[in-house]
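The block underneath contains the structure these notes are about, expressed in structure tokens.
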Amino acid sequence: MNSSESKYEPLPADQITWAALLGQWVEFARSAVALPSNDEGARMKDSIADVIMLQAVWFALESLSGLSTDEQALGLNRAALLIKKHKANLVSRYTEIQMPHSMSQLISDAESSYSKAKSADKE
7 MNSSESKYEP LPADQITWAA LLGQWVEFAR SAVALPSNDE GARMKDSIAD
57 VIMLQAVWFA LESLSGLSTD EQALGLNRAA LLIKKHKANL VSRYTEIQMP
107 HSMSQLISDA ESSYSKAKSA DKE
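Residues are numbered in my numbering as their position in the sequence shown, beginning at 1, plus a constant of 6.
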């Protein structure tokens, strides 16, 4: 191996995916600066952390089967709490106006992923 060749091992696919998601979340958070300074812009800015957490929980639930049984149970419990918390935060911000479809779809996706993981845990 010459000095210009890398000695690094390739990252596992799940780590690359998490890194890519982290990059997207950083860009998403940065984009909030450009949101208008009105009620809707404020609602969107306040919702960014909740959206990111729901996406993270959804993605983590998709990878739950790679963990030990005890870790899966803990992951399911944490996922349930996080989904409940971040869904409640989003719903409370959109009581007077309709929640954007992408947010309601994200909540649905996270809940569906949780239900699927919970069903797989019982098998």
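In this text, a Cβ means the ideal position worked out from N, Cα and C, and glycines have one as well.
In this text the structure is predicted, and so the values were computed from the model without any measurement.
Under 7 Å Cβ to Cβ from L88, same chain only, skipping five residues before and after it: list those, please. Within the same chain, L88 has close Cβ partners M59 and V63.
Close Cβ partners of K124 (< 8 Å) along its chain, the five nearest in sequence each way excluded: Around K124: L82.
Nearest-angstrom Cβ-Cβ length linking L67 and Y120, presumed shorter than 8 Å: At roughly 6 Å, the Cβ-Cβ gap stays under 8 Å, so L67 and Y120 are in contact.
In three-state DSSP terms, what is Y100? Residue state, collapsed to three classes: coil.
Assuming the contact rule is C-beta atoms closer than 8 Å, M50 and A38 should be a hit. Round their C-beta distance to whole Å, please. So it is a contact: roughly 7 Å between Cβ atoms.
From the DSSP output, in three-state form, read off L60 for me. DSSP places L60 in helix when its eight states are reduced to three.
Rank S118, R36 and A26 by C-alpha distance to the C-alpha of A86 and give the top, closest one. From the listed residues S118, R36 and A26, the smallest Cα separation to A86 is found for S118.
Nearest-angstrom Cβ-Cβ length linking N95 and D56, presumed shorter than 8 Å: Confirmed, Cβ separation roughly 5 Å.
Just the Cα atoms here: how many angstroms apart are S10 and V32? Caution is warranted here: a pLDDT of 45 is assigned to S10, below 50, making its placement in the model unreliable, and the coordinate value is therefore given only provisionally. Each residue's alpha carbon lies about 32 Å from the other.
Hey, S71 and A126 are a contact pair by Cβ (cut 8 Å); roughly how many whole angstroms apart? About 7 Å separates the Cβ atoms of S71 and A126, confirming a contact at the 8 Å cut-off.
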